[in-house]
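Number of protein chains: 2
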Amino acid sequence: MEPLRRVVLERLIRYYRYLGELSARKEIRTITSAQLGAALDIDPTQVRKDFGAIGLVGISRVGYDVCEVCRAIRLLFGFDHPYDGVLVGAGHLGTALLAYGGFAPFGLRIVAAFDNDPAKVGTQVAGLTIHSMDALRAYVRDHNIRLGIVTTPASAAQGVTDQLVASGVKAIWNFSPVRLNVSPGVLVRNEHISLGLAQIAYHLNRLRIQEQGPGPDSPKEPCREPCAPPRR
Amino acid sequence: MEPLRRVVLERLIRYYRYLGELSARKEIRTITSAQLGAALDIDPTQVRKDFGAIGLVGISRVGYDVCEVCRAIRLLFGFDHPYDGVLVGAGHLGTALLAYGGFAPFGLRIVAAFDNDPAKVGTQVAGLTIHSMDALRAYVRDHNIRLGIVTTPASAAQGVTDQLVASGVKAIWNFSPVRLNVSPGVLVRNEHISLGLAQIAYHLNRLRIQEQGPGPDSPKEPCREPCAPPRR
DNA sequence: TAGATTGTTAATCGATTAACAATC
DNA sequence: TAGATTGTTAATCGATTAACAATC
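Respectively, the protein sequence lines represent chains R and P.
Residue numbering for the first sequence follows numbering that gives the first Met the number 0, beginning at 0 and increasing consecutively.
Residue numbering for the second sequence follows numbering that gives the first Met the number 0, beginning at 0 and increasing consecutively.
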């Protein structure tokens with residue numbers, strides 16, 4: 000079967016989150032596409048299409064069974080089938096992820112962490128011992144690790160990824176500012192902070208120009224400065 | 000002028016990053032849409048359209064002046080006009096962001112951090128003193144702060160956002176797992192980790208089903224369990 | 001001149017929204 | 001029955017890709 004598009008998956012997760020929150024607040028058995036659409040600013044037709052795409056059927060004049068919607072989404076994403084991941088790079092961001100408690104409902108267990116800093120190896124972070132990089136490959140191979148989380152500096156990211164992929168992970172969650180190359184069939188999900196940062200800069204810059212005019216930039220001068228190598 | 004679409008902005012940033020890296024490695028004066036497209040897996044026509052949209056003109060048989068491309072993108076995003084932001088919530092993630100050195104090339108200066116934990120107030124993180132929440136509103140008002148970075152727990156996020164917006168920020172960078180309401184004209188950029196997590200879960204679940212079959216889920220049973228309130 | 005590349009128009013593709021018959 | 005809601009087909013919209021004349 001054709002995999003669902005990313006936009007569809009993202010809407011499904013929004014439905015799931017919303018219904019989870021709603022269920023926590025009050026008991027509800029059914030919801031209509033119109034109600035759900037209004038709450039999430041999504042066209043009701045789109046809601047019905049999305050639900051139809053994952054095999055959900057509603058009831059005329061009643062709507063959809065909330066419990067069945069949630070079950071179908073959990074089943075689709077496999078949230079009830081936990082899988083194991085390892086994290087490489089126990090810096091600030093890595094530590095923040097290790098300390099974050101919200102992964103379990105999505106099926107992810109982070110079972111080990113690795114770092115190349117000898118001072119960190121052997122210490123505990125959020126209940127996990129930091130292992131040496133030397134141990135990474137064997138660990139991934141021997142523990143059926145499906146996911147590698149890359150929170151290293153840019154310079155180390157591709158090398159770490161190569162080790163993870165060679166040892167058998169099926170997906171990479173990339174928090175480093177690098178475009179990673181992996182063998183076909185391995186999923187890379189990027190969390191590049193620069194895209195959000197750029198969107199914000201664009202918005203604020205437009206406001207600034209509205210307020211002050213474009214400023215002293217003189218676009219007619221010959222271009223002297225090389226491209227500054229941007230960090231991300 | 001109509002603001003550029005998000006997909007266009009994201010491609011522009013990819014061009015910018017790539018040209019920055021390329022310039023750092025070797026001296027290049029021009030690049031063709033075909034070269035850039037091949038490197039980033041983007042259709043050359045799309046590259047030309049994007050460049051045309053920000054006023055860049057190329058030269059037949061030569062391509063585009065790399066320096067001018069970078070200058071136009073810097074100008075568009077205002078990377079040469081630094082702006083100030085404050086961070087609220089100095090937990091692991093907040094600390095990771097404060098310690099990250101890569102914001103300056105995008106124009107962002109984080110100038111203050113706030114937390115409601117009295118044990119943290121007064122301590123230093125990455126060279127910044129953590130302030131009390133009581134000081135937030137006056138600080139934002141008095142220092143022309145344009146951006147609020149929200150790295151609080153979910154429960155505090157909307158309240159913090161309300162304070163930030165009321166005090167005059169023009170954009171919110173939201174790392175909390177909450178959909179924030181803001182007054183019109185204020186940009187909210189969400190970095191919801193659950194979308195990435197869900198995409199990975201979906202991919203791994205499909206692989207699992209290919210390998211093992213769908214497992215013991217019996218979708219024909221009546222739905223008993225309520226929607227588990229998902230965390231994000 | 002010949003040929004590579006731009007800039008732009010047309011065609012395609014996919015996603016969203018509107019319309020509406022079927023259903024409970 | 002009347003009316004609200006689903007499920008689906010048609011229409012619209014926007015984004016991507018193809019085609020090609022203009023240009024250097």
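The beta carbon of each residue, even a glycine, is placed where N, CA and C say it ideally should be.
Between residue 142/P and chain R, is any beta-carbon pair separated by less than 8 Å?
With a threshold of 8 Å between beta carbons, residue 142/P makes no contact with chain R.
Roughly how many whole angstroms lie between the Cα atoms of residue 219/R and residue 67/P?
Near 10 Å, if we compare the C-alpha coordinates of residue 67/P and residue 219/R.
Quick one: using the 10 Å Cβ neighbour count with 16 as the cut-off for buried, is residue 169/P buried or exposed?
Buried.
Who are the neighbours of residue 94/P on chain R, taking C-beta pairs under 9 Å?
In chain order: 91, 94 and 95.
Residues in the stretch 179 to 211 of chain R with C-beta within 7 Å of chain P's C-beta atoms, listed in sequence order?
Taken in chain order, the members of the stretch 179 to 211 of chain R whose beta-carbon sits within less than 7 Å of a beta-carbon on chain P are 186, 188, 190, 193, 194, 195, 196, 197, 198, 199, 200, 201, 202, 203, 204, 205, 206 and 207.
Just verifying my parser: in three-state terms, what is the DSSP assignment at residue 204/P?
Here DSSP, grouped into helix, strand and coil, assigns residue 204/P to helix.
Residue burial classification, residue 232/R (beta-carbon count within 10 angstroms, cutoff 16)
There is no way to answer for residue 232/R, as the model of chain R reaches only from 0 to 231.
Buried or exposed by the 16-neighbour rule on C-beta atoms within 10 Å, applied to residue 198/P:
By the neighbour-count rule (16 or more Cβ atoms within 10 Å), residue 198/P is buried.
Min CB distance residue 219/R to chain P below 8 Å
It does not: the Cβ of residue 219/R has no partner Cβ on chain P nearer than 8 Å.
Distance check for residue 129/R and residue 64/R, CA to CA, integer angstroms please.
Residue 64/R and residue 129/R have their C-alpha atoms spaced approximately 45 Å apart.
Given that a residue counts as buried once 16 or more other Cβ atoms are within 10 Å of its Cβ, and exposed if not, what is residue 32/P?
Residue burial annotation: residue 32/P is buried, with at least 16 other C-beta atoms found within 10 angstroms of its C-beta.
Quick one: which chain R residues come within Cβ less than 7 Å of residue 169/P?
Against chain R, a Cβ distance below 7 Å from residue 169/P picks out 203 and 206.
Opposite residue 131/P in the DSSP bridges: which residues?
Residue pairing from DSSP places residue 131/P in a beta bridge opposite 114/P.
Is there a Cβ of chain P sitting closer than 8 Å to that of residue 8/R, yes or no?
Yes, residue 8/R counts as interfacial toward chain P.
Are any of the Cβ atoms in chain P nearer than 8 Å to that of residue 231/R?
Because the pLDDT of residue 231/R is 45, which lies under 50, any placement of that residue in the model is unreliable, and the number read from its coordinates should be weighed accordingly. At least one chain P Cβ lies under 8 Å of residue 231/R.
Secondary structure of residue 149/R, DSSP reduced to three states:
Strand at residue 149/R.
So which residues of chain P does residue 227/R contact, with C-beta pairs closer than 7 Å?
Close to residue 227/R, with beta-carbon spacing below 7 Å, are these residues of chain P in chain order: 19 and 104.
Under the three-state reduction of DSSP, which class applies to residue 56/R: helix, strand or coil?
Residue 56/R sits in coil when the DSSP states are folded into three classes, being neither helix nor strand.
Assuming the contact rule is C-beta atoms closer than 8 Å, residue 110/R and residue 142/R should be a hit. Round their C-beta distance to whole Å, please.
About 7 Å separates the Cβ atoms of residue 110/R and residue 142/R, confirming a contact at the 8 Å cut-off.
So, do the stretch 171 to 179 of chain P and the stretch 111 to 121 of chain R have three or more beta carbon pairs nearer to each other than 8 Å?
Flag = no, the stretch 171 to 179 of chain P and the stretch 111 to 121 of chain R do not touch.
Compare the beta carbon distance of residue 166/P and residue 145/P with 8 Å and say whether it is the shorter of the two.
Taking a C-beta distance under 8 Å as the contact criterion, residue 166/P and residue 145/P do not qualify as a contact pair.
Measuring only the C-alpha atoms, how far is residue 43/R from residue 21/P?
Rounded to whole angstroms, the separation of the alpha carbons of residue 21/P and residue 43/R is 46 Å.
Quick one: list the residues of chain R neighbouring residue 65/P, beta-carbon separation under 7 Å, in chain order.
Contact note: residue 65/P reaches chain R through 226, using a C-beta cutoff of 7 Å and chain order.
First and last residue of the beta strand (DSSP E) that includes residue 186/P?
Element bounds for residue 186/P: 186 to 189.
Under a Cβ-count criterion, where at least 16 other Cβ atoms within 10 Å of its own Cβ denotes burial, should residue 4/R be classed as buried or exposed?
Under this definition residue 4/R is an exposed residue.
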